[in-house]
Structures are given as structure tokens and as C-alpha cells.
Amino acid sequence: MVALVVKIGTSSLSDPSTGDLRLATLGGLAETLTRLRRAGHRIILVSSGAVGVGCARLGLKERPATVAGKQAAAAVGQGLLMSMYDRLFGALGQPVAQVLLTRQDLMDRARYLNARETLSELWRLGALPIVNENDTVATDELRFGDNDALSALVAGLVEAQWLVLLTDVAGLYSANPRLDPQARLLSEVTEISEELLHSARGRSLWGSGGMASKLAAARIAASAGVTTVITEGSTPQNIERILAGEAIGTRFVLTRPGGRLSLRKRWIGYGLVPAGALHLDEGAVLAVREGGKSLLPAGVSAVEGHFETGALVRLIDGQGLEFARGLVNYSSEELEKIRGRKSGEIAALLGIEGQPPTAVHRDNLITLS
Ligand SMILES: Nc1ncnc2c1ncn2[C@@H]1O[C@H](COP(=O)(O)OP(=O)(O)O)[C@@H](O)[C@H]1O
Ligand SMILES: N[C@@H](CCC(=O)OP(=O)(O)O)C(=O)O
1 MVALVVKIGT
11 SSLSDPSTGD
21 LRLATLGGLA
31 ETLTRLRRAG
41 HRIILVSSGA
51 VGVGCARLGL
61 KERPATVAGK
71 QAAAAVGQGL
81 LMSMYDRLFG
91 ALGQPVAQVL
101 LTRQDLMDRA
111 RYLNARETLS
121 ELWRLGALPI
131 VNENDTVATD
141 ELRFGDNDAL
151 SALVAGLVEA
161 QWLVLLTDVA
171 GLYSANPRLD
181 PQARLLSEVT
191 EISEELLHSA
201 RGRSLWGSGG
211 MASKLAAARI
221 AASAGVTTVI
231 TEGSTPQNIE
241 RILAGEAIGT
251 RFVLTRPGGR
261 LSLRKRWIGY
271 GLVPAGALHL
281 DEGAVLAVRE
291 GGKSLLPAGV
301 SAVEGHFETG
311 ALVRLIDGQG
321 LEFARGLVNY
331 SSEELEKIRG
341 RKSGEIAALL
351 GIEGQPPTAV
361 HRDNLITLS
């Protein structure tokens, strides 16, 4: 028996030109997930669409530009979505539960564990949780922004084996298939390179993250040992064939050099929101990325943003790319004073004895790969 998170995007559950719900798709999804649950699998559905469906109900022709506009549309759409799911799954005798999460819920350990308990209890009771971001209250800087990331974090939270991302194309292509007729479907991806991320820019009219956010989600999922598949939402029945081992859509077989990350490291890497960035010199990049070493103040060439001790920062290489994240031992103000300097000089520079020799200790650091 497996634990499985299925995410359906706006573009799969509604018609982009009319905003009408795709009832056949949603009905097929309800039948498939109910069958899988009856077979003993543990299922969570992450459903987007609150903003899109809300806009359609309000007669809006495009996604609102303001945060308040999107949040108001989501408040209209979320109720509509849940009533539809309740009717479809209810017709099959399958109870559903609405679970609305914010990023803070997954950043705070007590709330994180509580969400996990509630999801397990829902499974125990035979219900199928339907998750979305709590759009009406999530503040802009703390939003997941897209449900691809949310679904990957939820998959990690419940230690799922599979994350299936349902979208409006057959999977990941070598280029955006809507713009490039030569684009090829990639059936297996073993590494998410910069080139691949570049080829995945662009999204559908109502989608929010596009393919690039699905790649980022596959990476987050892999760090928790979860296998991601991107596949077409119009044939949700394929989920059963995918679980049976058929190669449908794009499957991500990503292996981290150090294996699966601990819960704490996943929280550092993907649960928290970075407060700033440290630019590293070449030697420090090598030591951290290849050597698995801690970051010393000597290797920091520039400090970006204002943050306190303990904040999460992005670590940036010479090409300006983020390659790691970690919790800092110094505030941005202190790091400005000690960057580029030897550990032995820290006490004198800051006027305090007994300071940690590292800017970011390796126990508090994860490399993004
Ligand atoms: N390399 C690519 N392969 C497949 N789709 C791509 C690629 N690059 C961009 N896209 C776009 O991503 C869209 C799907 O993402 P998105 O609109 O966010 O969907 P969803 O609503 O399912 O999250 C596709 O319709 C396609 O236009
Ligand atoms: N919480 C938002 C999610 C938006 C979102 O991620 O959309 P999509 O790219 O279609 O999965 C909503 O329900 O509209």
C-alpha cells in the first residue's frame, strides 16, 4: 500500500476560455482516487483552481493583478470547488475533507506536526483530504505561490512514495510544446539542470507556476524520497497505470548524493523563507558544495538583505546562482564586519569573545541538487 499525493492544476480542472469546470476530468479523478482508496492506498488530493473558478463565477476575464483581488476570487472559488468535490466523491460514498494550509503552518514545527496528525486521522477515518493554500489569509511574502511546491511539501509531510502532478500537457517536454512543435516529451528525468529549468519557463493562461515550478516541486519531493510524475490531467485513470509501473508522462528519478534529507534539513531547505543571501568566493563554494564543509566568514564576499542570527539565507556562487541554503550564526550587520576575515579575528572585530567560528554550520546547511 502506498501513500500518494495527487495535485491537479487550474488548467486541468477548468476550461481556460470559458472557466467552465471540466466535469468529465473531475468525475474520472473522483472515480480513480476512490478506487485507489478502497484498495487501501492513502491518498491526498491537492487541488488548485480557487482563484480561477472564483474569477469565472464573478465574471472576471483574467486573473486579478492585485493580491486582494486574487484572495477575494479564491474565497469565492474555494467553496465552489469543495461543494463540487463533495458531490462527486459523495456520489461514490467517499467522504472528503477540506484542509487549507499556509506556509507558516509548515514553517512552525508545532503546526507542522499538528497538520500531519490531522491528515493521518482523516486517513484513519477513511476520508480523503483535499488540500489547497489558504489563499484568503496567506500574506504575499509568505505564500507558497503555487500548489506544485505545496503538494511536494505535503508529500514530504506525510512521507508519501508518489507525487503525481496533473497538468494540461502530457508531461515535461524539451521545450514549451505550445510554442515549439518540435518539442519532445521527456519520459524520464534524472537531473534538473539549469538548461532544463530554462526550457520549462512559461505557463498556461490560468496556471500560476508553469513547468518550472513543477521541476522545483520534483526537487523538493526527491529530497524527501518521493518520486514525482507529471502527467496529463484529462486522463486521471492513468494514475493507476503509473502506480502499476507503466511509463506515462514524465517520471523524475532524482537521487541526492547524500540520500534522503532528514526532516530538519528539509525544513531548512524548503520549509523556511530566505531572509537574505551570502555571496561566496570560489574556494568557499567548493568547500561547501563538494566538500560538505561549513561556511566560514572568510569565504563570504558579499552580504545581501537585513537579517538576524538564526535566519535562513541563500548561498550564491560566482555565477549568481543559489546552490545552497542555511541558518546563519551571525546577523547581516555582524557578517558585514567579519566577511572575508579569518575565524580568529572575529572576537576582536565584533568585540565579543566565544563566537562560533562558522558563518553557517554544515549541520544547518543543505545543498540544492
Ligand atoms: N518544457 C515544457 N514542457 C511542458 N510544458 C511547458 C514547458 N514549458 C512551459 N510549459 C507550459 O507549462 C504549462 C503547464 O503549467 P501551468 O500552466 O502552471 O499548469 P497547471 O495549472 O497544471 O499548474 C503548459 O500548458 C505549457 O504551456
Ligand atoms: N491556491 C491557488 C493555487 C494556484 C496554483 O498553484 O495554480 P496552478 O498553477 O494551476 O496549480 C488556487 O487555488 O487558485
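The numbering of the sequence shown is UniProt numbering, which starts it at 1 and goes up by one. Think of the CB as a built atom: it goes at the ideal place given N, C-alpha and C, for glycine as much as any other residue.
- Name the residue from K293, L296, W123 whose alpha carbon lies nearest to the alpha carbon of R42. As a first step, residue 42 must be located in the sequence shown, where it is residue number 42. When only C-alpha atoms are compared, the closest one is W123.
_Along the chain, where does the beta strand (DSSP E) containing F89 start, and where does it finish?_
The residue you call residue 89 lines up with position 89 of the sequence shown. Here F89 belongs to no beta strand (DSSP E); instead the alpha helix (DSSP H) covers 67-91.
Tell me whether A302 sits in a helix, a strand or coil according to DSSP, three-state version.
Counting from 1 along the sequence shown, the entry for residue 302 is found at position 302. It is a strand residue.
Out of A170, V51, A68, L80, which one is the CA nearest neighbour of R184? Residue mapping note: residue 184 aligns to position 184 of the sequence shown, counting from 1. Comparing Cα positions, the closest option is A170.
Self-check item: Bridge partner(s) assigned by DSSP for residue 401
Solution: The shown model of the chain, from 1 to 369, leaves out residue 401, and the question about it has no answer.
Report task. Look up L196 in the DSSP assignment and say whether it is helix, strand or coil. Result -> Indexing the sequence shown from 1 puts residue 196 at position 196. DSSP, read as helix, strand or coil, puts L196 in helix.
Q. Can you tell me where the alpha helix (DSSP H) with W267 in it begins and where it stops?
A. Numbered from 1 along the sequence shown, position 267 holds the residue referred to as residue 267. W267 -> no alpha helix (DSSP H), and no H or E assigned at all.
Pop quiz: Y270 and I220 are said to be a contact at Cβ under 8 angstroms. What is the actual Cβ separation, rounded to whole angstroms?
Looking up residue 270 in the sequence shown gives position 270. Looking up residue 220 in the sequence shown gives position 220. For a cut-off of 8 angstroms, the C-beta gap from Y270 to I220 is around 5 angstroms, short enough to register as a contact.
| said: What would DSSP say about A275, mapped onto helix, strand or coil? | reply: Residue 275 sits at position 275 when you count from the first residue of the sequence shown. Correct three-state label for A275: coil.
Whole-angstrom distance between E133 and V99, CA atom to CA atom:
Locating residue 99 in the sequence shown gives position 99, where the first residue counts as 1. Locating residue 133 in the sequence shown gives position 133, where the first residue counts as 1. One C-alpha to the other measures close to 8 angstroms.
Original post:
Three-state secondary structure (DSSP) at V164?
Top reply: Position 164 of the sequence shown, counted from the start, is the residue given in the question as residue 164. Residue state, collapsed to three classes: strand.
Integer Cβ distance of A224 from A155, believed to fall under 8 angstroms: Numbered from 1 along the sequence shown, position 224 holds the residue referred to as residue 224. Numbered from 1 along the sequence shown, position 155 holds the residue referred to as residue 155. Contact annotation, A224 with A155: C-beta distance approximately 7 angstroms; criterion of less than 8 angstroms satisfied.
- Query: Touch check for the segment 190-202 and the segment 211-219: three-plus C-beta pairs under 8 angstroms?
  - Reply: yes
TODO: Please confirm whether L278 and V313 have their CB atoms less than 8 angstroms apart.
DONE: For this step, residue 278 is matched to residue 278 along the sequence shown. For this step, residue 313 is matched to residue 313 along the sequence shown. Going by C-beta atoms, L278 is nearer than 8 angstroms to V313.
Look at the alpha carbon of L181 and the alpha carbon of L172, and state the distance between them as a whole number of angstroms. Here residue 181 refers to the residue found at position 181 of the sequence shown. Here residue 172 refers to the residue found at position 172 of the sequence shown. One point to set straight first is that residue 181 is Pro, not Leu, in the sequence displayed. Each residue's alpha carbon lies about 14 angstroms from the other.
CB contact flag (T32, I248, <8 angstroms): Working through the sequence shown from its first residue, we reach residue 32 at position 32. Working through the sequence shown from its first residue, we reach residue 248 at position 248. Their beta carbons are not under 8 angstroms apart, which means T32 does not touch I248 by this criterion.
Report task. Starting from the Cα of S12, find the closest Cα among R103, I230, R87 and give me that residue. Result -> Translated into the one-based positions of the sequence shown, residue 12 becomes position 12. Answer by Cα proximity: I230.
- Message: Looking only at its chain, what residues have a beta carbon closer than 7 angstroms to the beta carbon of K337, apart from the 5 residues adjacent to it on each side?
- Response: What you label residue 337 is simply residue 337 of the sequence shown in a count that begins at 1. Excluding positions up to five away in sequence, the list reads L349, L350.
C-beta contact flag for L157 and A115 at 8 angstroms = Locating residue 157 in the sequence shown gives position 157, where the first residue counts as 1. Locating residue 115 in the sequence shown gives position 115, where the first residue counts as 1. For L157 and A115, yes; Cβs fall inside 8 angstroms.
Just the C-alpha distance for Q161 and T228, rounded to the nearest angstrom, thanks. Translated into the one-based positions of the sequence shown, residue 161 becomes position 161. Translated into the one-based positions of the sequence shown, residue 228 becomes position 228. The straight-line gap separating the alpha-carbon atoms of Q161 and T228 is approximately 9 angstroms.
- Query: DSSP puts G326 in a beta bridge; with which residues?
  - Reply: Position 326 of the sequence shown, counted from the start, is the residue given in the question as residue 326. In the DSSP assignment, G326 is bridged to V313, L365.
Practice task
On the DSSP bridge assignment, give the partners of I8 in chain order.
Solution key: As a position in the sequence shown, residue 8 is number 8, starting the count at 1. DSSP output for I8 lists S47, L166 as bridge partner(s).
Notebook entry, point to check: Going by C-alpha distance, which of P274, E308, V273, V328 is nearest V300?
Noted result: For the purposes of this step, residue 300 is taken as residue 300 along the sequence shown, with counting starting at 1. Checked all of P274, E308, V273, V328; the closest Cα to V300 is V328.
- Item | N-terminal and C-terminal residue of the alpha helix (DSSP H) that A216 is part of | In the sequence shown, counting from the first residue as 1, residue 216 sits at position 216. First-last of the alpha helix (DSSP H) with A216: 210-223.
> Distance, Cα to Cα, A359 vs L215?
Replying inline: Taking the sequence shown and counting its residues from 1, one reaches residue 359 at position 359. Taking the sequence shown and counting its residues from 1, one reaches residue 215 at position 215. Computed Cα separation, rounded: 30 angstroms.
Report task. Please confirm whether V303 and L295 have their CB atoms less than 8 angstroms apart. Result -> Residue numbering aside, residue 303 sits at position 303 when the sequence shown is read from its first letter. Residue numbering aside, residue 295 sits at position 295 when the sequence shown is read from its first letter. Contact: no.
Problem set entry | Range covered by the alpha helix (DSSP H) that runs through N114 | The count along the sequence shown starts at 1 and reaches residue 114 at position 114. Segment 109-124, the alpha helix (DSSP H) holding N114.
Rounded distance between the beta-carbons of K7 and S151, thought under 8 angstroms
Translated into the one-based positions of the sequence shown, residue 151 becomes position 151. Translated into the one-based positions of the sequence shown, residue 7 becomes position 7. That belief holds up - the Cβ atoms of S151 and K7 are roughly 4 angstroms apart, short of 8 angstroms.
(Q) Using only CA atoms, which one of F307, T367, G354 lies nearest to A284? (A) Residue mapping note: residue 284 aligns to position 284 of the sequence shown, counting from 1. It is T367 whose Cα lies nearest to the Cα of A284.
DSSP three-state call for L186: helix, strand or coil?
The residue labelled residue 186 in the question sits at position 186 within the sequence shown. Looking at L186 - three-state DSSP - the assignment turns out to be coil, as it is neither helix nor strand.
Note to self: Determine whether the beta carbon atoms of T167 and V137 lie at a separation below 8 angstroms.
What the structure shows: Locating residue 167 in the sequence shown gives position 167, where the first residue counts as 1. Locating residue 137 in the sequence shown gives position 137, where the first residue counts as 1. It is not a contact, given that the beta carbons lie outside the stated cut-off.
What does DSSP give as the partner residues of E336 in its beta bridges? As a first step, residue 336 is located in the sequence shown; it is residue number 336 there, counting from the start. Listed as beta-bridge partners of E336 by DSSP are no residues whatsoever.
- Query: Closest by CA to L272, which one among P64, L21, Y112, L92?
  - Reply: Locating residue 272 in the sequence shown gives position 272, where the first residue counts as 1. Nearest of P64, L21, Y112, L92 to L272, Cα basis: Y112.
Can you tell me whether D135 is buried or exposed? The criterion is at least 16 other CB atoms within 10 Å of its CB, across all chains shown.
For the purposes of this step, residue 135 is identified with residue 135 of the sequence shown, where counting begins at 1. Buried, because 16 or more other Cβ atoms sit within 10 Å of the Cβ of D135.
- [ ] For the beta strand (DSSP E) containing R251, list its first residue and its last residue.
- [x] Here residue 251 refers to the residue found at position 251 when the sequence shown is read from its first residue. Residues 250-252.
**Request:** Buried or exposed for S14, please, with buried defined as at least 16 other CB atoms from any protein chain shown within 10 angstroms of its CB.
**Result:** Residue mapping note: residue 14 aligns to position 14 of the sequence shown, counting from 1. With 16 or more other Cβ atoms within 10 Å, it is buried.
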